[in-house]
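Visitor: Quick one: the structure is below, questions incoming.
Number of protein chains: 2
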Amino acid sequence: MLKTAHRVGRDVAARRQDRGLRTREAILAWAVDLASADGLEGLTVGSLAEQLKMSKSGLFAHFGSKEELQLATVEKARLIFIEKVTKPAIGAPKGMPRLWAMVDHWLALVEKRVFRGGCFFSAASFEFDSRKGVVHDRIAEIMREWIEVLTRAVNEAQKAGHVDPKIDASRLAFEIHAIALGAHWAYQLLDDRRAYLRARMILLEKLRSIATSASPRLP
Amino acid sequence: MLKTAHRVGRDVAARRQDRGLRTREAILAWAVDLASADGLEGLTVGSLAEQLKMSKSGLFAHFGSKEELQLATVEKARLIFIEKVTKPAIGAPKGMPRLWAMVDHWLALVEKRVFRGGCFFSAASFEFDSRKGVVHDRIAEIMREWIEVLTRAVNEAQKAGHVDPKIDASRLAFEIHAIALGAHWAYQLLDDRRAYLRARMILLEKLRSIATSASPRLP
DNA sequence: ACAGAATACGAACGTTCGTGCTATTTATTT
DNA sequence: AAATAAATAGCACGAACGTTCGTATTCTGT
Chain A
1 MLKTAHRVGR
11 DVAARRQDRG
21 LRTREAILAW
31 AVDLASADGL
41 EGLTVGSLAE
51 QLKMSKSGLF
61 AHFGSKEELQ
71 LATVEKARLI
81 FIEKVTKPAI
91 GAPKGMPRLW
101 AMVDHWLALV
111 EKRVFRGGCF
121 FSAASFEFDS
131 RKGVVHDRIA
141 EIMREWIEVL
151 TRAVNEAQKA
161 GHVDPKIDAS
171 RLAFEIHAIA
181 LGAHWAYQLL
191 DDRRAYLRAR
201 MILLEKLRSI
211 ATSASPRLP
Chain B
1001 MLKTAHRVGR
1011 DVAARRQDRG
1021 LRTREAILAW
1031 AVDLASADGL
1041 EGLTVGSLAE
1051 QLKMSKSGLF
1061 AHFGSKEELQ
1071 LATVEKARLI
1081 FIEKVTKPAI
1091 GAPKGMPRLW
1101 AMVDHWLALV
1111 EKRVFRGGCF
1121 FSAASFEFDS
1131 RKGVVHDRIA
1141 EIMREWIEVL
1151 TRAVNEAQKA
1161 GHVDPKIDAS
1171 RLAFEIHAIA
1181 LGAHWAYQLL
1191 DDRRAYLRAR
1201 MILLEKLRSI
1211 ATSASPRLP
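Heads up: the sequence lines are chains A and B, in that order.
Note that the working numbering numbers the first sequence so that position 96 is 96, with each residue one more than the last.
Note that the working numbering numbers the second sequence so that position 178 is 1178, with each residue one more than the last.
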């Protein structure tokens, strides 16, 4: 039953052309913002249509089902994340500089309030962490991907001789992610304005403590 | 308007006696479990009533409004948290042992799946972190309280001479909380079975690195 | 045992949810 | 300019939402 809905949604999306794709993009840009604040469940077709001054049915036709809308929103958020974090970080030289660039851009993404409700994926993670279904699966997949990107950055820093080779890369990735998560939490829920400064200091200290003498200086 | 609803809810609750209070407790015990998985918004009067084999109206009468139900659920979760984490930890001697007991019981609470959906307050935090209203305010208040408890535990450990006095207590509390948050995330979303073991190792190492020679040995 | 209060229920309310049809507008192609 | 296809709107649906109200049940104190 659901599978059918997906296929319909995908087919509809696939057949679209310029104009349709542009409105679709406009919808998703707004949807990401809305979902970051109200959650992917709180992202309702009605409110979305109203805010974009479209009809429910006109908007709905772009996706074919709510689940497909959620998936598309998650996908859009992933692209923004890659655009604003992963890509710029790859501009930095391999090793410690790139590792730090990743952390830095990541924290900046939320600090600069690119998403109205803070970190899209932190919210989505905790919202869907005990549900079943394709949306959960996709979110988990993207998060695994991100942790892997972080882990690889650590590995590369080790290969470059910037980081102590005895360090467990995946564990360090876990720590980095956890500190960022803590910062999002403190900033968003407790309105702690120093949360990101603090996270940066903690992470800088951490990275310095495992840096070799061959590592380029951290900021 | 909402204020009225609250007052009605409170009054209704206040007038209750034994039987009423017992069913109310039964409702809340179930509600905490449900909300930890489906969120405080996903906690609907209908589903709650169905699962408890009660009528919607009969259940609803205990609270007077959905918001009051959410508040009561948050309060119940807080009591469980205190019962299972704070209280047992206070059983341990002041200083490093108590600090570790706090961390340990906290992680155990989620590990043992006391709440079906993982850590109630992590989920609630990210669900309500960009909303306004009394529920958000209460959650934020409780979380501040918890961070303060952690901070005080660090302070006491410093006073007891177990922890380097140069350590910034509130920053350490932030780090501890972040690592726990990261563990909940990895365990619940990514199904990482080693998440809590890893968090324990990270935190043990962290605490050992700031422990004085006067500190009792950590596990 | 009876009165009165406390507790629970059933039915209904107005809304909003996701979703399906059919028509109408807008763009592209011939 | 007509024909065709794509994009949006209009309207209606059944289900579920929070909430209200009148009524029945169950308990408590006398």
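Glycine included, C-beta positions come from ideal geometry on N, C-alpha and C.
Quick one: Cα of Thr1151/B to Cα of His1136/B, how far?
Guide: The sequence position of residue 1151/B within the second sequence is 151, counting from 1. The sequence position of residue 1136/B within the second sequence is 136, counting from 1. Going by the C-alpha atoms only, they are around 22 Å apart.
Visitor: Assuming Leu40/A contacts Glu127/A (C-beta within less than 8 Å), just tell me the rounded distance between them.
Guide: In the first sequence, residue 40/A corresponds to position 40, counting from 1. In the first sequence, residue 127/A corresponds to position 127, counting from 1. Contact holds; Cβ gap of about 6 Å.
Visitor: Go ahead and pull the three-state DSSP assignment for Val1114/B.
Guide: One-based indexing of the second sequence puts residue 1114/B at position 114. Residue state, collapsed to three classes: coil.
Visitor: Hey, is Ser1047/B's beta-carbon within less than 8 Å of any beta-carbon in chain A?
Guide: Counting from 1 along the second sequence, the entry for residue 1047/B is found at position 47. It does not: the Cβ of Ser1047/B has no partner Cβ on chain A nearer than 8 Å.
Visitor: Closer than 7 Å by beta-carbon distance: list the chain A residues that pair up with Met1143/B, in chain order.
Guide: On the second sequence, residue 1143/B is found 143 positions in, with the first residue counted as 1. In chain order: Leu189, Leu190.
Visitor: Contact criterion: CB-CB distance below 8 Å. Does Asp104/A meet it with respect to chain B?
Guide: Stepping through the first sequence from its first residue, residue 104/A is reached at position 104. So, not an interface residue.
Visitor: Have a look at Ala178/A and Ala1061/B and give me their C-alpha separation to the nearest angstrom.
Guide: As a position in the first sequence, residue 178/A is number 178, starting the count at 1. As a position in the second sequence, residue 1061/B is number 61, starting the count at 1. Their Cα atoms are separated by approximately 41 Å.
Visitor: Residues of chain B with CB closer than 7 Å to the CB of Ala37/A, please, in chain order.
Guide: Within the first sequence, numbered from 1, the residue matching residue 37/A stands at position 37. Here the neighbours are Ser1130.
Visitor: Going by C-alpha to C-alpha distance, which of Phe115/A, Glu67/A, Ala160/A, Ile176/A sits closest to Ala1186/B?
Guide: Here residue 1186/B is taken as the residue at index 186 of the second sequence, counted from 1. Closest option to Ala1186/B, Cα to Cα, is Ile176/A.
Visitor: If the cut is a Cβ gap below 9 Å, which residues of chain B does His177/A touch?
Guide: By one-based count along the first sequence, residue 177/A stands at place 177. In chain order: Gly1182, Trp1185, Ala1186.
Visitor: Roughly how far, in whole angstroms, is the beta-carbon of Lys94/A from the beta-carbon of Glu156/A, given that I think they are within contact range, below 8 Å?
Guide: Reading the first sequence from its first residue, position 94 is the one you call residue 94/A. Reading the first sequence from its first residue, position 156 is the one you call residue 156/A. About 5 Å separates the two Cβ atoms, so the contact holds.
Visitor: Are the CB atoms of Phe1121/B and Val1032/B within a distance shorter than 8 Å?
Guide: Indexing the second sequence from 1 puts residue 1032/B at position 32. Indexing the second sequence from 1 puts residue 1121/B at position 121. No, these two residues do not count as a Cβ contact at 8 Å.
Visitor: Using 8 Å as the limit for Cβ to Cβ distance, is Glu1041/B near chain A?
Guide: For this step, residue 1041/B is matched to residue 41 along the second sequence. Judged by the 8 Å Cβ criterion, Glu1041/B is in contact with chain A.
Visitor: Thinking C-alpha only, which one of Glu75/A, Ser57/A, Ala169/A is nearest Glu148/A?
Guide: Mapped onto the first sequence, residue 148/A falls at position 148. With distances taken between Cα atoms, Glu148/A lies closest to Ala169/A.
Visitor: In this structure, how does DSSP classify Ala1089/B when only helix, strand and coil are distinguished?
Guide: Working through the second sequence from its first residue, we reach residue 1089/B at position 89. Reduced to three states, the DSSP call for Ala1089/B is helix.
Visitor: Hey, how far is the Cα of Ala1180/B from the Cα of Tyr1196/B?
Guide: Walking along the second sequence from the start, residue 1180/B turns up at place 180. Walking along the second sequence from the start, residue 1196/B turns up at place 196. Their Cα atoms are separated by approximately 8 Å.
Visitor: Classify Glu1025/B as buried or exposed, calling it buried when 16 or more other Cβ atoms lie within 10 Å of its own Cβ.
Guide: In the second sequence, counting from the first residue as 1, residue 1025/B sits at position 25. Per the 10 Å Cβ criterion, exposed.
Visitor: Kindly indicate which three-state DSSP category Ala77/A falls into: helix, strand or coil?
Guide: Counting from one through the first sequence, the residue named residue 77/A turns up at place 77. Ala77/A falls in the helix class under three-state DSSP.
Visitor: Taking 8 Å as the cut-off, does the stretch 1099–1106 of chain B touch the stretch 100–116 of chain A (at least 3 CB pairs, one atom from each stretch)?
Guide: Short answer: they don't touch.
Visitor: Could one say the Cβ of Arg1200/B lies closer than 8 Å to chain A's Cβ atoms, at least one of them?
Guide: Taking the second sequence and counting its residues from 1, the one referred to as residue 1200/B is at position 200. No - not a single Cβ of chain A is within 8 Å of the one on Arg1200/B.
Visitor: Assuming contact is defined by CB atoms lying nearer than 8 Å, are Ala211/A and Val163/A in contact in what I supplied?
Guide: The sequence position of residue 211/A within the first sequence is 211, counting from 1. The sequence position of residue 163/A within the first sequence is 163, counting from 1. Cβ atoms of Ala211/A and Val163/A: closer than 8 Å.
Visitor: Quick check: what's the CA-CA separation for Leu71/A versus Asp1038/B?
Guide: Counting from 1 along the first sequence, the entry for residue 71/A is found at position 71. Counting from 1 along the second sequence, the entry for residue 1038/B is found at position 38. Those two C-alpha atoms are separated by around 19 Å.
Visitor: For Gly1064/B, which of Val1045/B, Lys1053/B, Val1074/B has the nearest alpha-carbon?
Guide: Your numbering for residue 1064/B matches position 64 in the second sequence. Of Val1045/B, Lys1053/B, Val1074/B, the residue nearest in Cα terms is Val1045/B.
Visitor: Using a Cβ cut-off of 9 Å, pull out every chain B residue sitting near Ala140/A, in sequence order please.
Guide: Residue mapping note: residue 140/A aligns to position 140 of the first sequence, counting from 1. Near Ala140/A (Cβ distances below 9 Å), the residues of chain B are Leu1189, Leu1190, Asp1191.
Visitor: If you draw a straight line from the alpha carbon of Asp129/A to that of Leu1218/B, how long is it in whole angstroms?
Guide: Walking along the first sequence from the start, residue 129/A turns up at place 129. Walking along the second sequence from the start, residue 1218/B turns up at place 218. Taking the straight line joining both Cα atoms gives about 32 Å.
Visitor: Pull up the CB-CB distance for Ala1183/B and Ala1199/B, whole angstroms please, since I reckon it's below 8 Å.
Guide: Translated into positions along the second sequence, residue 1183/B becomes position 183. Translated into positions along the second sequence, residue 1199/B becomes position 199. That pair is a contact at about 4 Å.
Visitor: Is the beta carbon of Ala1089/B closer than 8 Å to that of Arg1098/B?
Guide: Your numbering for residue 1098/B matches position 98 in the second sequence. Your numbering for residue 1089/B matches position 89 in the second sequence. Result yes, Cβ atoms of Arg1098/B and Ala1089/B sit closer than 8 Å.
Visitor: Can you tell me whether DSSP reads Ala256/A as helix, strand or coil?
Guide: With chain A covering only 1 through 219, there is no way to say anything about residue 256/A.
Visitor: Which one or two residues does DSSP pair with Ala1211/B in a beta bridge?
Guide: Counted from its first residue, the second sequence places residue 1211/B at position 211. Paired residues: Val1163/B.
Visitor: To the nearest whole angstrom, what separates the beta carbons of Ser1047/B and Ala1123/B, a pair I think is in contact under 8 Å?
Guide: Position 47 of the second sequence, counted from the first residue, corresponds to residue 1047/B. Position 123 of the second sequence, counted from the first residue, corresponds to residue 1123/B. About 17 Å separates the two Cβ atoms, so there is no contact after all.
Visitor: Can you tell me where the alpha helix (DSSP H) holding Ala178/A begins and where it ends?
Guide: As a first step, residue 178/A is located in the first sequence; it is residue number 178 there, counting from the start. First-last of the alpha helix (DSSP H) with Ala178/A: 169–189.
Visitor: Go through its chain and collect everything with a Cβ distance to Val74/A's Cβ below 8 Å, but skip five positions before and after it.
Guide: By one-based count along the first sequence, residue 74/A stands at place 74. Contacts found: Leu40, Ala124, Val135, Arg138, Ile139, Ile142.
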